[in-house]
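Convert by adding 21 to the 1-based position in the sequence shown; the result is the number in the working numbering. Cβ coordinates follow ideal geometry from the N, Cα and C atoms, glycine included. These figures come from a predicted structure and were not determined experimentally. The next block holds one structure in the form of structure tokens; read it before the comments.
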Amino acid sequence: MNEQSKNLCNNNAATKEIQLTAGTLRLNITTEKVPLEKVSYFASRRNNLRGFLFVSKVLGKHYPVRPCEMRQIYRQLAGEIVSTIGTESGAVEPEDSFLALAMAETATGFGAGIYEEFCRLLYRQSLFEKQSDSKEGSTVPAIFCHSTRYHDSRVAELLSFEEPHSHASGHWLTAPPAEMAESLAKTTTLLLLDDEQSTGTTAENAVRKLIPFLPHLQKVVVVSILNWMGGRRKEEFAAHFPGLTIHFPALISGSMEFMPRADFRFDTLPQSVGNGENKDAFLAENSGRRWYRKSPQISAPIIEQAEEILQKNAAENGECRPILVLGTGEFTFLPFLFAEELEKRGREVFFQSTTRSPILVEKDTERSCINSVIPLSDNYGEGVANFVYNVIPEKYRAIFICYETEHNRERHQLPEELEGLQKVYKLFLQ
Numbered sequence: 022m023n024e025q026s027k028n029l030c031n032n033n034a035a036t037k038e039i040q041l042t043a044g045t046l047r048l049n050i051t052t053e054k055v056p057l058e059k060v061s062y063f064a065s066r067r068n069n070l071r072g073f074l075f076v077s078k079v080l081g082k083h084y085p086v087r088p089c090e091m092r093q094i095y096r097q098l099a100g101e102i103v104s105t106i107g108t109e110s111g112a113v114e115p116e117d118s119f120l121a122l123a124m125a126e127t128a129t130g131f132g133a134g135i136y137e138e139f140c141r142l143l144y145r146q147s148l149f150e151k152q153s154d155s156k157e158g159s160t161v162p163a164i165f166c167h168s169t170r171y172h173d174s175r176v177a178e179l180l181s182f183e184e185p186h187s188h189a190s191g192h193w194l195t196a197p198p199a200e201m202a203e204s205l206a207k208t209t210t211l212l213l214l215d216d217e218q219s220t221g222t223t224a225e226n227a228v229r230k231l232i233p234f235l236p237h238l239q240k241v242v243v244v245s246i247l248n249w250m251g252g253r254r255k256e257e258f259a260a261h262f263p264g265l266t267i268h269f270p271a272l273i274s275g276s277m278e279f280m281p282r283a284d285f286r287f288d289t290l291p292q293s294v295g296n297g298e299n300k301d302a303f304l305a306e307n308s309g310r311r312w313y314r315k316s317p318q319i320s321a322p323i324i325e326q327a328e329e330i331l332q333k334n335a336a337e338n339g340e341c342r343p344i345l346v347l348g349t350g351e352f353t354f355l356p357f358l359f360a361e362e363l364e365k366r367g368r369e370v371f372f373q374s375t376t377r378s379p380i381l382v383e384k385d386t387e388r389s390c391i392n393s394v395i396p397l398s399d400n401y402g403e404g405v406a407n408f409v410y411n412v413i414p415e416k417y418r419a420i421f422i423c424y425e426t427e428h429n430r431e432r433h434q435l436p437e438e439l440e441g442l443q444k445v446y447k448l449f450l451q
């Protein structure tokens, strides 16, 4: 770990203190299904509302990650969901109908990956096989969507909710297509998918806004890698929704306390809130914003194109260094699948993506894992600051930047910001 920390003893909980430039973060860990050091770093935010950040080692957002490590987390959390809500035999009830909602921006790909693995688990259960002759991956009693911070005039907006502590607090959900509206109304179990829960306020706001559209809702499952809500806050959360069963499966659970430094404040902050204009030309119609049942796949021609590029690149630059695949903003799941496919073919691949999260960069310090940044304008025409953290271009023999529309690709300045432009390639993945 890069950050200065110390472990203390606190009854049955392991207590860990992390000294950050922004202040002191104290964690009381009650459940640790994987070691904290395996899944999380820590850093200071450029944010006056919340000065700390859990920097995931397995999310593929702010830090480069091997796709196989991300996939393992998806599978593990999907298994946690099934074991949490299943019967004594571990099976999910056949009459259950699921809505999986992932949170923008950070968890769009994370949530889609868990959803994909969750659906696979459902179809491995005999109770679903008996009801359908379809093969695994066909229509399942589940639908997926993720929230967004972009407006699209081609589709109605279903609702909005707030993430109060965030640098960009507004979330929107688009209305589902007609063929999924009935499934939405039949939902019995809501899966809320985010990488980390600090207070659960955003999840609570989402549930409150969704309830009018879910007349048959019985269970809410708040899924995360890290959950620091603590027992009392979980009880308070559940008390706000009488009649519903609330679960909080996570790989690491406990509570936390942050003691900010009084002098850690910013007079000016990066622009993180968009201009509110419609982004029709920038947004793909077949994305998680528009809801789906069956997870998307990477097309063979895209992989063939990438292989041709890599073969030529190897002849020019050698194959001793790894490949980096970059997603852009909310567009992360298809880029992850692309990176994963390259990895399956024997390539050494790392994945991460651009972000609007403003993190304090601290070079040559033990108090942060964020040691470099490439600042740039977003490629969605929002006029907000974007960043790529911890990317050292010379470490990679090839860098693929992935876009959901041609319009995104045309506008992006990131390739010009990266060094060694002969090895940076723009890919349109839709």
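- Of all alpha-carbon atoms in PHE63, PRO343, VAL103 and GLU90, the one lying nearest the alpha-carbon of ALA271 is that of VAL103.
- Runs of the beta strand (DSSP E) lying entirely within the region 354-427, each at least 3 residues long, are 370-374, 394-398, 406-410 and 419-424 in chain order.
- Secondary structure of GLU101 (DSSP, three-state): helix.
- As the crow flies, the alpha-carbon of ASP173 is around 6 Å from that of LYS300.
- Spatial neighbours of ASN248 in its own chain (CB-CB distance under 6 Å, excluding positions within 5 residues in sequence) are listed in chain order as GLN218, PHE269, ALA271 and SER274.
- The three-state reading of DSSP puts ALA327 in helix, counting H, G and I together.
- DSSP places LYS300 outside both helix and strand once states are collapsed to three, so it counts as coil.
- Rounded to whole angstroms, the Cβ separation of ASP215 and SER245 is 5 Å, and the two are in contact under 8 Å.
- When SER77, LYS37 and VAL228 are compared, the shortest CA-CA separation from GLN373 is found for SER77.
- If you ignore the 5 residues before and after VAL55, its C-beta comes within less than 6 Å of the C-beta of LEU272, all in its own chain and listed in chain order.
- When secondary structure is reduced to three states using DSSP, PHE63 falls in the strand class.
- Buried is the label assigned to ARG254, since at least 16 other Cβ atoms lie within 10 Å of its Cβ.
- At least 9 Å separates the beta-carbon of TRP193 from that of LEU212.
- Taken atom to atom, the span from the alpha-carbon of ARG87 to that of GLN93 is near 10 Å.
- Take HIS261, set aside five residues on each side of it, and the residues of its chain with a beta-carbon closer than 7 Å to its own are GLU225, in chain order.
- Distance from the CA of GLU351 to the CA of GLU138, rounded to the nearest whole angstrom, comes to 20 Å.
- Between ASN429 and ASN400, the C-beta spacing is below 9 Å.
- Only buried fits THR127, as 16 or more other CB atoms lie within 10 angstroms of its CB.
- Within the DSSP secondary-structure output, GLN239 pairs in no beta bridge.
- In the structure shown, TYR144 adopts helical secondary structure according to DSSP, grouped into three states.
- Bounds of any alpha helix (DSSP H) do not take in ARG47; it lies within the beta strand (DSSP E) bounded by 44-53.
- Rounded to whole angstroms, the Cβ separation of LEU363 and PRO317 is 17 Å, and the two are not in contact under 8 Å.
- Beta-bridge partners of SER77 (DSSP): SER61.
- Annotation for MET201: the continuous alpha helix (DSSP H) segment containing it runs 199-206.
- By the CB criterion at 9 Å, ALA121 and PHE165 fall inside the cutoff.
- Collapsing the DSSP output to three states places GLN40 in a strand.
- Judged by DSSP secondary structure, PRO436 falls within the alpha helix (DSSP H) whose first and last residues are 435-438.
- In this structure, the straight-line span from the alpha carbon of HIS433 to that of PHE303 is close to 12 Å.
- PHE73 places its beta carbon less than 9 Å from that of GLY44.
- Around the beta carbon of THR105, a 10 Å sphere encloses fewer than 16 other beta carbons of the protein chains shown; the residue is thus reported as exposed.
- Bounds of the alpha helix (DSSP H) holding GLU257 are 251-260.
- Under the DSSP definition of a beta bridge, LEU347 partners with GLN373 and ILE422.
- Annotation for LYS447: the continuous beta strand (DSSP E) segment containing it runs 445-449.
- Scanning LYS37, ARG342, ILE50 and PRO396 for the CA closest to the CA of GLY251 turns up ILE50.
- Fewer than three beta-carbon pairs drawn from the region 332-342 and the region 190-204 are found closer than 8 Å, and the two stretches are therefore not classed as touching.
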